[in-house]
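2 protein chains.
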Amino acid sequence: MTNSSDEALTPEQKILFGLFNEIGIIEQLSRTLFQARLEDGLTVQHFSVLNHLVRLGDGKTSKYLAEAFQVPKTSMSHTVQGLEKRGLVTLEPNPKDGRAKLVMLTEAGRAKREDCMAALRPDLEALLPHFSDTDAAHLLPGLGRLRKILDESRD
Amino acid sequence: MTNSSDEALTPEQKILFGLFNEIGIIEQLSRTLFQARLEDGLTVQHFSVLNHLVRLGDGKTSKYLAEAFQVPKTSMSHTVQGLEKRGLVTLEPNPKDGRAKLVMLTEAGRAKREDCMAALRPDLEALLPHFSDTDAAHLLPGLGRLRKILDESRD
DNA sequence: CTTGTTTAGTGCGACATCGTACTATATAGA
DNA sequence: TCTATATAGTACGATGTCGCACTAAACAAG
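What follows is the structure in structure tokens.
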């Protein structure tokens, strides 16, 4: 991927760099595809937050979500406000902390998340004959380990 | 990663979805890290274009780059103008086509690309003891195959 | 209780992304 | 050649990202 004129990095480092490069390209391609399936100006980031709340439970604060997604709190605040404007979540005051607001899913929010998954389904169906769940399962442990390392290395 | 209440997807599809989710998280973490190493308001996107031009040769058009990076031409035009403003590339008229402009690297551009790689080096060094080039090499073939499939499936 | 510090969220401004519409050039067909 | 279509790039506006500064609430020290 990189050539021998890259003197800034050792061969080992180049391989890691190439890995991140490959991951970045796949992320770009898949994000573009997914984004094209979403409606009403909903972004992949909106969906990600919705998905997180459905899977891991709502009642989180924007700050918590910002840390979970590793984005600045101002960005997450904006994303959550976008969800609220679309009626997919409500922001309830936290009785335990007057500063914080709890992000609560609405029924429309849960339904929208299902709709998004369903909208993605044809693409996943089309992909499976070329790249099976077994292929994916071979990659997941290594990627999971890489994610954990990166996740722990920040702070 | 997903739980049994996701009725929109089959188990096989959920595994693929989980793979893209994992890739997205790693991309987010690594991009944030890399971005923090760049100076002068240079974005990862700026670096990516610079890196592409160094590795695969300059004299490309913005349109070509837009397709290579799978972003709209207006986005790439803006990115290239950012590089031009910083003196990292020049835009030369294409003698063969009056509509097109050729993106040419300057010496400062090549040097900046080296600087960026060097700025990333400590992070890669710190990562290698925990995630080796061998680990990365195990993932690269599968990811490369996935990228090719996604790359061909668009159009 | 009082005061200094920390924390969740927002307002604002700078810049990035990207869809639409437009201009200038190129190209194919009659 | 003349005309219709296609293409590279830009102008512009809407929205997303995010750093900085600020407010309100919580908390710790005395």
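Heads up: the sequence lines are chains S and U, in that order.
Going by this note's numbering, the first residue of the first sequence is number 1, and it counts up by one from there.
Going by this note's numbering, the first residue of the second sequence is number 1001, and it counts up by one from there.
Each residue gets a CB set at the ideal place from its N, CA and C atoms; glycine is no exception.
Less than 8 Å between the C-beta atoms of residue i and residue j, yes or no?
i: G158(S); j: V89(S); result: Absent from the structure is residue 158(S), since the part of chain S shown begins at 1 and ends at 155.
i: E12(S); j: D1133(U); result: yes
i: S1062(U); j: K1101(U); result: yes
i: T74(S); j: Q1070(U); result: no
i: L50(S); j: L83(S); result: yes
i: D135(S); j: V103(S); result: no
i: A1163(U); j: R1037(U); result: Nothing can be reported for residue 1163(U), as the shown portion of chain U is limited to 1001 through 1155.
Is the CB of residue i under 8 Å away from at least one CB in chain S?
i: E1027(U); result: yes
i: T1002(U); result: The predicted model places T1002(U) with a pLDDT of 41, which falls under 50 and marks its position as unreliable, so this point remains unresolved.
i: L1146(U); result: yes
i: M1104(U); result: no
i: L1053(U); result: no
i: E1107(U); result: no
i: D1040(U); result: no
i: E1022(U); result: yes
i: L1065(U); result: no
i: G1018(U); result: yes
i: L1050(U); result: no
i: D1097(U); result: no
i: L1124(U); result: yes
i: L1091(U); result: no
When we look at the beta-carbon of residue i and count the other beta-carbons within 10 Å, is it buried (16 or more) or exposed?
i: K60(S); result: buried
i: Q1035(U); result: exposed
i: R1099(U); result: exposed
i: E1022(U); result: buried
i: S1030(U); result: buried
i: K85(S); result: exposed
i: K1096(U); result: exposed
i: G87(S); result: exposed
i: L1056(U); result: exposed
i: S4(S); result: Any reading at S4(S) needs caution, since the residue's pLDDT is 41, under 50, leaving its predicted position unreliable; the model's value is listed next. Result: exposed.
i: S1153(U); result: exposed
Compare the C-beta of residue i against all C-beta atoms of chain U and say whether one is closer than 8 Å.
i: H138(S); result: yes
i: L88(S); result: no
i: T32(S); result: yes
i: D133(S); result: yes
i: H130(S); result: yes
i: L127(S); result: yes
Anything in chain U within Cβ reach of residue i, meaning under 9 Å, just list it in chain order.
i: D58(S); result: In chain order: nothing, as chain U lies at least about 14 Å away.
State the CB to CB distance for the pair residue i and residue j, rounded to an integer number of angstroms; the pair is presumed to be in contact (CB under 8 Å).
i: H1130(U); j: I149(S); result: 5 Å
i: L19(S); j: M1117(U); result: L19(S) to M1117(U), Cβ: 15 Å. No contact.
i: I1015(U); j: L143(S); result: In fact, because the Cβ distance is near 12 Å, the residues do not count as touching under 8 Å.
i: L1105(U); j: L1065(U); result: About 13 Å; that fails the 8 Å criterion.
i: L1139(U); j: L139(S); result: 6 Å
Name, please, each residue of chain S whose Cβ falls closer than 9 Å to the Cβ of residue i.
i: R1121(U); result: A8, L9, T10 and Q13
i: Q1047(U); result: Note that residue 1047(U) corresponds to Phe in the displayed sequence, not to Gln. Near F1047(U) there are no residues of chain S at all, since even the closest Cβ is about 11 Å away, more than 9 Å.
Strictly below 7 Å CB to CB, what residues from chain U border residue i?
i: Q70(S); result: Q1028, L1029 and T1032
Can you name the residues of chain S whose CB is closer than 8 Å to the CB of residue i?
i: L1083(U); result: Those within 8 Å of L1083(U) in chain S number zero; the least Cβ separation is about 18 Å.
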